[in-house]
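**Student:** The structure that follows is given in the form of structure tokens.
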Amino acid sequence: QASQKSISSFFKKN
Amino acid sequence: FEARLTQASLIKKILEAIKDLVTDANFDCSPEGLSLQAMDSSHVSLVSMVLHAQGFEMFRCQRAVSLGINLASLTKILKCAGNDDSITLRADEKGDKAEFVFESQSQDRLSEFELKLMDIDSEHLGIPDTKYSAIVEMPSSEYRRICSDLGVMGDTVRISVSKESVKFQVDGDIGKGSVCLHPSSVVDKPTEVVKISLEEPVDMIFSIRYLNYFAKAAPLSDTVTLSLSKDFPLQIEFKFGEQMGYLRYYLAPKID
Chain A
511 QASQKSISSF
521 FKKN
Chain B
13 FEARLTQASL
23 IKKILEAIKD
33 LVTDANFDCS
43 PEGLSLQAMD
53 SSHVSLVSMV
63 LHAQGFEMFR
73 CQRAVSLGIN
83 LASLTKILKC
93 AGNDDSITLR
103 ADEKGDKAEF
113 VFESQSQDRL
123 SEFELKLMDI
133 DSEHLGIPDT
143 KYSAIVEMPS
153 SEYRRICSDL
163 GVMGDTVRIS
173 VSKESVKFQV
183 DGDIGKGSVC
193 LHPSSVVDKP
203 TEVVKISLEE
213 PVDMIFSIRY
223 LNYFAKAAPL
233 SDTVTLSLSK
243 DFPLQIEFKF
253 GEQMGYLRYY
263 LAPKID
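Chains A and B are the protein sequences, given in the same order. Going left to right, the first sequence walks through residues 511 to 524 as my numbering numbers them. Going left to right, the second sequence walks through residues 13 to 268 as my numbering numbers them.
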């Protein structure tokens with residue numbers, strides 16, 4: 511089963 | 013802030029394309045244009061919309077202002093606009109309400125609505141300029157069909173891009189299926205083209221449910237562009253025309 515990552519773990523907070 | 017668009021249908025379609033994914037969002041007005049960035053409630057995907065100032069019939073913004081809008085409320089108001097109506101959006105510096113004026117093409121019908129704004133504390137994410145490994149351009153109707161067809165078979169889709177093809181594969185409880193598109197060799201209509209530009213082959217897994225949410229943007233553009241890089245969010249772009257702007261979705265990959 512593939513696990514889902516959060517989008518904010520890829521893009522830095524401004 | 014005051015801006016006027018000739019065709020209300022553009023805003024109506026943008027809203028249709030994001031309202032099932034995002035509940036509340038800040039519409040950021042600046043002298044450059046109108047933009048929106050929001051994550052879905054599960055923080056798995058990100059919507060980024062830009063409408064350039066030059067795409068408007070009239071655009072005036074002295075100072076940047078954020079309009080916090082509940083998208084279900086905005087949908088109710090936009091239902092009152094005809095597709096061919098022009099739409100004027102106004103907000104003052106207090107930023108506690110926004111005004112919408114819809115005017116028919118013949119200018120014999122004018123309707124005005126006021127929407128209460130809300131304070132939305134949303135974090136703005138920086139999306140880096142990315143050189144993607146694989147870029148696929150295809151008709152948006154084809155994208156919508158693939159997502160809808162494969163979505164009945166399973167929860168996830170494996171997207172594999174090579175120089176020769178882009179393949180969408182689903183493996184579910186009742187069985188499995190795939191759709192494979194090859195780059196067009198004969199081009200009759202530019203809007204029916206499948207194009208692949210490849211740095212290196214990619215093979216990634218994504219949630220079909222989200223790809224289906226993004227397919228609601230198909231009425232905005234004849235073509236859609238999918239950009240992929242290993243272990244990085246998929247970017248799906250619908251352009252509103254050359255100078256107008258775009259709607260982009262980002263979806264975090266599923267990791268095995």
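We put the beta carbon where it would ideally sit given N, CA and C, even for glycine. None of these values were measured; they are calculated from a predicted model.
So which residues on chain A does S57 of chain B lean against when the C-beta distance must stay under 8 angstroms?
**Tutor:** The residue you call residue 57 of chain B lines up with position 45 of the second sequence. Result: I517.
**Student:** Starting from I53 of chain B, find everything on chain A with Cβ-Cβ shorter than 7 angstroms and list it in chain order.
**Tutor:** Translated into the one-based positions of the second sequence, residue 53 of chain B becomes position 41. It is Ser, not Ile, that sits at residue 53 of chain B in the sequence shown. Those do not exist, as S53 of chain B stays about 12 angstroms from chain A at its closest Cβ, beyond 7 angstroms.
**Student:** How about R157 of chain B and E14 of chain B: are their beta carbons less than 8 angstroms apart?
**Tutor:** Here residue 157 of chain B refers to the residue found at position 145 of the second sequence. Here residue 14 of chain B refers to the residue found at position 2 of the second sequence. Not closer than 8 angstroms, so no.
**Student:** Assuming R157 of chain B is part of the alpha helix (DSSP H), what are its boundary residues?
**Tutor:** Residue numbering aside, residue 157 of chain B sits at position 145 when the second sequence is read from its first letter. From DSSP, the alpha helix (DSSP H) with R157 of chain B extends over 152–163.
**Student:** Starting from T168 of chain B, find everything on chain A with Cβ-Cβ shorter than 7 angstroms and list it in chain order.
**Tutor:** As a position in the second sequence, residue 168 of chain B is number 156, starting the count at 1. Here the neighbours are A512.
**Student:** Count the other CB atoms, across all protein chains shown, that sit within 10 Å of the CB of S516 of chain A; report buried if there are 16 or more and exposed otherwise.
**Tutor:** For the purposes of this step, residue 516 of chain A is taken as the residue at position 6 of the first sequence. Label assigned to S516 of chain A: exposed.
**Student:** Specify, as a first and last residue, the run of the beta strand (DSSP E) that R102 of chain B falls within.
**Tutor:** Position 90 of the second sequence holds residue 102 of chain B. Where R102 of chain B is concerned, the enclosing beta strand (DSSP E) stretches over 98–103.
**Student:** Give the single residue among B:E176, B:L232, B:A29, B:R16 whose Cα lies nearest to the Cα of Y225 of chain B.
**Tutor:** As a working mapping, residue 225 of chain B is identified with position 213 in the second sequence. When each option's Cα is compared against that of Y225 of chain B, the closest is B:A29.
**Student:** Going by DSSP in three states, A227 of chain B sits in which element: helix, strand or coil?
**Tutor:** As a first step, residue 227 of chain B must be located in the second sequence, where it is residue number 215. In the structure shown, A227 of chain B sits in a helix (DSSP, three-state: H, G or I).
**Student:** Under three-state DSSP, which class holds I139 of chain B?
**Tutor:** Translated into positions along the second sequence, residue 139 of chain B becomes position 127. Correct three-state label for I139 of chain B: coil.
**Student:** Report the rounded CA-to-CA distance for V182 of chain B versus V191 of chain B, giving the unit in angstroms.
**Tutor:** Mapped onto the second sequence, residue 182 of chain B falls at position 170. Mapped onto the second sequence, residue 191 of chain B falls at position 179. Looking at the two C-alpha atoms, the distance is approximately 9 angstroms.
**Student:** On the CB-based measure, 16 or more other CB atoms within 10 Å of its CB, does V198 of chain B come out buried or exposed?
**Tutor:** Looking up residue 198 of chain B in the second sequence gives position 186. By the 10 Å Cβ count, V198 of chain B comes out exposed.
**Student:** Run through DSSP, which three-state label would R170 of chain B get?
**Tutor:** Here residue 170 of chain B refers to the residue found at position 158 of the second sequence. In the structure shown, R170 of chain B sits in a strand (DSSP, three-state: E or B).
**Student:** Taking only beta carbons into account, state which residues of the stretch 120–146 of chain B come closer than 7 angstroms to chain A, listed in chain order.
**Tutor:** Under the 7 angstroms Cβ criterion, the stretch 120–146 of chain B contributes E135, H136, L137, G138, I139.
**Student:** Using CA coordinates, which residue listed in B:K91, B:F125, B:E115, B:D97 is at the minimum distance from K109 of chain B?
**Tutor:** The residue given as residue 109 of chain B occupies position 97 in the second sequence. Residue B:F125 is the option with its Cα nearest to K109 of chain B.
**Student:** Assuming the contact rule is C-beta atoms closer than 8 angstroms, L259 of chain B and F218 of chain B should be a hit. Round their C-beta distance to whole Å, please.
**Tutor:** For this step, residue 259 of chain B is matched to residue 247 along the second sequence. For this step, residue 218 of chain B is matched to residue 206 along the second sequence. Not a contact, Cβ separation roughly 18 angstroms.
**Student:** Taking only three categories from DSSP, how would you classify L48 of chain B?
**Tutor:** Locating residue 48 of chain B in the second sequence gives position 36, counting from the first residue. Looking at L48 of chain B - three-state DSSP - the assignment turns out to be strand.
**Student:** Taking the alpha helix (DSSP H) that T203 of chain B falls in, what are its first and last residues?
**Tutor:** Position 191 of the second sequence, counted from the first residue, corresponds to residue 203 of chain B. Looking at the DSSP string, T203 of chain B is not in any alpha helix (DSSP H), and its letter there is neither H nor E.
**Student:** What span of residues does the alpha helix (DSSP H) with I89 of chain B cover, start to end?
**Tutor:** Here residue 89 of chain B is taken as the residue at index 77 of the second sequence, counted from 1. Residues 83–90.
**Student:** Do the stretch 247–257 of chain B and the stretch 82–92 of chain B make contact, defined as three or more Cβ pairs closer than 8 angstroms?
**Tutor:** No contact exists between the stretch 247–257 of chain B and the stretch 82–92 of chain B.
**Student:** Roughly how many whole angstroms lie between the Cα atoms of P231 of chain B and K25 of chain B?
**Tutor:** Counting from one through the second sequence, the residue named residue 231 of chain B turns up at place 219. Counting from one through the second sequence, the residue named residue 25 of chain B turns up at place 13. Rounded to the nearest angstrom, the two C-alpha atoms are 7 angstroms apart.
**Student:** Going by other Cβ atoms of all chains shown within 10 Å of its Cβ, with 16 needed for buried, is Q514 of chain A buried or exposed?
**Tutor:** The sequence position of residue 514 of chain A within the first sequence is 4, counting from 1. By the neighbour-count rule (16 or more Cβ atoms within 10 Å), Q514 of chain A is buried.
**Student:** So L127 of chain B and I81 of chain B are supposed to be a Cβ contact under 8 angstroms. How far apart are they, rounded?
**Tutor:** Indexing the second sequence from 1 puts residue 127 of chain B at position 115. Indexing the second sequence from 1 puts residue 81 of chain B at position 69. The pair is a contact, with the Cβ atoms about 7 angstroms apart (cut-off 8 angstroms).
**Student:** What residues match up with K188 of chain B in a beta bridge as DSSP calls it?
**Tutor:** Taking the second sequence and counting its residues from 1, the one referred to as residue 188 of chain B is at position 176. Note: K188 of chain B sits in a beta bridge opposite B:D183.
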